[in-house]
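For the sequence shown, the working numbering begins at 1 and goes up steadily by one. Built from N, CA and C at the ideal position, the CB exists for glycine as well.
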Amino acid sequence: MAKCAFLGLGVMGYPMAGHLVAKGHEVTVYNRTASKAEAWAKEHGGRWAATPREASEGAEFVMACVGNDDDLRSVVKGDDGALAGMSDGAIFVDHTTVSAAVTRELHAEALAQNISFVDAPVSGGQAGAENGVLSIMCGGDVAAYSTAEPIMQSYGRTVKRLGDSGAGQLTKMVNQICIAGLVQGLSEGLHFAEKAGLDIREVVDVIQGGAAGSWQMVNRHETMADDHFDHGFAVDWMRKDLGICLDTADENGASLPVTALIDQFYKDVQKLGGGRWDTSSLIKRLRALD
Numbered sequence: 001m002a003k004c005a006f007l008g009l010g011v012m013g014y015p016m017a018g019h020l021v022a023k024g025h026e027v028t029v030y031n032r033t034a035s036k037a038e039a040w041a042k043e044h045g046g047r048w049a050a051t052p053r054e055a056s057e058g059a060e061f062v063m064a065c066v067g068n069d070d071d072l073r074s075v076v077k078g079d080d081g082a083l084a085g086m087s088d089g090a091i092f093v094d095h096t097t098v099s100a101a102v103t104r105e106l107h108a109e110a111l112a113q114n115i116s117f118v119d120a121p122v123s124g125g126q127a128g129a130e131n132g133v134l135s136i137m138c139g140g141d142v143a144a145y146s147t148a149e150p151i152m153q154s155y156g157r158t159v160k161r162l163g164d165s166g167a168g169q170l171t172k173m174v175n176q177i178c179i180a181g182l183v184q185g186l187s188e189g190l191h192f193a194e195k196a197g198l199d200i201r202e203v204v205d206v207i208q209g210g211a212a213g214s215w216q217m218v219n220r221h222e223t224m225a226d227d228h229f230d231h232g233f234a235v236d237w238m239r240k241d242l243g244i245c246l247d248t249a250d251e252n253g254a255s256l257p258v259t260a261l262i263d264q265f266y267k268d269v270q271k272l273g274g275g276r277w278d279t280s281s282l283i284k285r286l287r288a289l290d
């Protein structure tokens, strides 16, 4: 069993840190809003700390799951950052979805202090975090990944190294690109069914086992039919992720015309007041056009 720190207790980090305790690890948490860290410690029996540095002192593994590039830098760097408290040979595992550029930047800073850095963004949403069945896509040194993999299996069903530093983040971009197109296609199909006078549930019952089937179809068609959009990853965060994808595509020459279009569709959803709705709310935009 390992001594761990977990930085960031949002809808993903809160249950992920809890799974570490359930597996017998010693866990200290940090959260920008201290009251949430106190509540987590009371619920799970771990400890909480006032700064990332304090949480990371003596930890063999420091996990982070925060909001964006700037949030990640704020918990890693500086006098109160995690690197200031970590010891030689410790491993930092970043579960945040951020740019490959900031990953490589922080990887280099960590290595300068003899600390390993593994980028390990996750997929599976809040339900995946709560049930401990996330998919975790990793980049970093082979030895560091191999050491950290058993710890990540506390909350991950699929954990895989895809390459050197940044490869995990690039793989997460692929994931988000694929999801964006899929959810738009599903939204259009269900909207078409509604306009044609068909029962969405009956339609999906017939087609979900065929070539059109997907996780999104199986798990989101009913809530989409019922106009409920509080069941997963928020539109605001999806736009953040798609922005990273589009910026990276500008750098590597990839063509992402559908992704760029759907990013604008999500912007329309934000204008409808849906920034915190889950990503299946693309159908809400189509209904608004009626």
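- The Cβ neighbour count for G81, taken over all protein chains shown within 10 Å, is at least 16; the residue is labelled buried.
- Secondary structure at L170: helix, using DSSP grouped into helix, strand and coil.
- In the DSSP secondary-structure assignment, F117 is bridged to F92.
- Contact between the region 87–103 and the region 111–128 is present: three or more C-beta pairs spanning the two stretches fall below 8 Å.
- Nearest C-alpha to G67 among N31, G78, A37: N31.
- Taking Q208 as the centre and dropping the five residues before and after it, the same chain places the C-beta of M217, V218 closer than 7 Å to its C-beta, in chain order.
- Bridge pairing for W48: V29 [DSSP].
- When DSSP states are grouped into helix, strand and coil, V98 belongs to the coil group.
- In this model, K77 and K284 are separated by some 40 Å (Cα to Cα).
- Here the C-alpha atom of A127 lies approximately 22 Å from the C-alpha atom of V27.
- DSSP places A5 inside the beta strand (DSSP E), whose first and last residues are 3–7.
- A direct Cα-Cα distance of roughly 10 Å separates D94 from Q169.
- Counted as a single uninterrupted DSSP element, the alpha helix (DSSP H) harbouring G128 occupies residues 125–131.
- With fewer than 16 other Cβ atoms from the protein chains shown falling within 10 Å of its own Cβ, M1 counts as exposed.
- S87 and I200 have their C-alpha atoms some 55 Å from each other.
- Taking G181 as the centre and dropping the five residues before and after it, the same chain places the C-beta of V258 closer than 6 Å to its C-beta, in chain order.
- For F233 and V174, the gap between their C-alpha atoms comes out near 16 Å.
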